[in-house]
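Some notes on the structure that comes next.
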Ligand SMILES: [Cu+2]
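In my numbering, the protein residues as written are 33 to 350.
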């Protein structure tokens with residue numbers, strides 16, 4: 033979907049570039065913090081995923097210039113009418129009504145503008161739904177008022193992520209009310225599927241730098257995805273009013289290298305080997321027998337034997 037956007041990007045960037053440069057040049061020069069809001073900054077938080085880049089482009093290069101142009105046009109028309117056609121300047125008003133040319137224009141022009149917006153809007157919408165084959169699945173559950181993260185493929189059972197207390201945040205030099213006690217950890221440049229649900233009321237999982245926002249609804253599993261391009265710590269928050277402590281259930285995602293991720297999974301008592309090869313490499317029967325073995329035999333022995341051969345293939349492929 034990157035390439036689909038590229039052509040349009042070039043086209044629209046040419047049109048919008050002049051106006052945008054004046055508006056955004058200044059803020060682009062300032063050093064924006066990655067993965068968190070920058071005090072005193074304007075413009076959207078910089079992104080580190082393809083979807084976020086496309087969304088920021090859609091907002092800054094398509095929507096904003098159109099909105100600005102329409103607002104200025106309406107303002108100019110108002111000023112023109114007030115100045116030129118007030119009672120003193122225009123004592124005898126014209127008597128005509130209906131003008132076919134004008135009526136066709138003010139009907140067609142908005143339609144064309146909306147169709148133009150829809151082209152970019154739908155491309156982006158489809159891109160969000162068009163998830164590549166995921167390398168990793170994380171289940172995020174919203175609770176009143178904290179998050180739980182589970183890694184089913186790595187057999188990392190759910191752990192709880194609370195807001196980091198103020199004194200600890202200060203001591204660590206991390207942003208209070210964004211930092212969490214336990215971050216969600218994911219490898220860089222990997223497609224991460226996030227399964228999102230709510231345990232009690234509706235919450236929402238949102239990380240601005242990833243361009244991801246999705247509702248966490250009890251009794252339903254929603255799905256979204258991201259592919260972070262840069263190692264770093266990215267903060268988000270619950271984005272659905274969920275009770276008195278809604279503002280105090282931050283999301284902290286740490287994007288790390290694959291070896292660091294493997295090490296982290298090990299500290300959580302999981303293993304990074306199984307899931308991926310079973311889907312792509314191994315034949316259907318092999319994939320089918322593996323889980324039954326796991327269930328029947330001791331969980332330690334069986335999966336280790338089943339996964340030792342596909343594991344190197346997986347690390348070599350990625
Ligand atoms: Cu919430």
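Cβ atoms here follow ideal geometry from the backbone N, Cα and C, with glycine treated the same way.
### Task
Throw me the rounded Cβ distance for the residue 176 and residue 275 pair, which I believe falls under 8 Å.
Rounded, the Cβ-Cβ distance is 5 Å, consistent with contact.
### Query
Thinking C-beta only, is residue 231 closer than 8 Å to residue 174?
Taking the C-beta atoms as reference points, residue 231 is found nearer than 8 Å to residue 174.
### Message
Rounded to whole angstroms, what is the Cα-Cα separation between residue 314 and residue 167?
### Response
Only weak support is given to the placement of residue 314: the predicted model assigns it a pLDDT of 41, under 50, and the value that follows is read from those uncertain coordinates. Whole-angstrom Cα-Cα distance: 16 Å.
### Query
Taking the alpha-carbon positions, what's the residue 84 to residue 134 distance?
Distance between the alpha carbons of residue 84 and residue 134: 40 Å.
### Query
Going straight from the alpha carbon of residue 229 to that of residue 262, what length do you get?
Our two residues, residue 229 and residue 262, have alpha carbons roughly 26 Å apart in a direct line.
### Task
Tell me whether residue 214 sits in a helix, a strand or coil according to DSSP, three-state version.
Correct three-state label for residue 214: coil.
### Query
Of all the options 193, 234 and 238, which has the alpha carbon lying nearest to the alpha carbon of residue 216?
Selection 193, 234 and 238 evaluated against residue 216 yields 193 as nearest (Cα-Cα).
### Message
Suppose the cutoff is 8 Å on Cβ atoms and the five residues either side in sequence are ignored; what does the same chain contact list for residue 183 look like?
### Response
Take residue 183, set aside five residues on each side of it, and the residues of its chain with a beta-carbon closer than 8 Å to its own are 168, 169, 170, 171, 297, 300 and 302, in chain order.
### Query
By how many angstroms is the C-alpha of residue 136 removed from the C-alpha of residue 161?
Approximately 37 Å between the Cα atoms of the pair.
### Query
Does DSSP classify residue 235 as helix, strand or coil?
In the displayed model, residue 235 falls within a strand according to three-state DSSP.
### Message
Need the endpoints of the alpha helix (DSSP H) that residue 137 sits in, please.
### Response
For residue 137, the enclosing alpha helix (DSSP H) has its first and last residue at 132–161.
### Query
Under a three-way DSSP split, which group does residue 257 fall into?
In the structure shown, residue 257 sits in a strand (DSSP, three-state: E or B).
### Query
Rounded to the nearest angstrom, how far is the Cβ of residue 181 from that of residue 190, given a contact under 8 Å?
Indeed they touch by this definition, with Cβ atoms about 7 Å apart.
### Query
Whose CA, out of 98, 157 and 249, lies closest to the CA of residue 271?
For residue 271, the nearest C-alpha among the options comes from 249.
### Message
Please report the straight-line C-alpha distance between residue 253 and residue 285, rounded to a whole angstrom.
### Response
Each residue's Cα considered, the two are about 20 Å apart.
### Task
Return the residue from the list 206, 65 and 207 that minimises the CA-CA distance to residue 73.
Of 206, 65 and 207, the residue nearest in Cα terms is 65.
### Task
Check whether the Cβ atoms of residue 255 and residue 225 sit closer than 8 Å, and answer yes or no.
Yes. Within cutoff.
### Query
Would you report the Cα separation of residue 227 and residue 283, rounded to the nearest angstrom?
C-alpha separation (whole angstroms): 15 Å.
### Query
Relative to the C-alpha of residue 351, which residue among 202, 86 and 201 is closest?
The structure shown has nothing for residue 351, since the chain only spans 33 to 350.
### Message
For the alpha helix (DSSP H) containing residue 247, name the first residue and the last one.
### Response
In this chain, residue 247 is not harboured by any alpha helix (DSSP H); it is covered by the beta strand (DSSP E) spanning 244–248.
### Task
Rounded to whole angstroms, what's the CA-CA distance from residue 212 to residue 100? Just pull it up for me.
Here the C-alpha atom of residue 212 lies approximately 39 Å from the C-alpha atom of residue 100.
### Query
Which first and last residues belong to the beta strand (DSSP E) in which residue 224 is found?
224–230 is the extent of the beta strand (DSSP E) around residue 224.
#### Entry: Which listed residue (259, 198, 277 and 278) has its alpha carbon closest to that of residue 287
Relative to residue 287, the option among 259, 198, 277 and 278 whose CA is nearest is 259.
### Task
Give the DSSP-derived three-state secondary structure of residue 317 in the structure shown.
Reliability of the predicted coordinates at residue 317 is poor, the pLDDT of 42 falling under 50, and no value is obtained from them.
### Query
From residue 149 to residue 164, what does the alpha carbon distance come to, in whole angstroms?
Using only the alpha carbons, I get a separation of about 25 Å.
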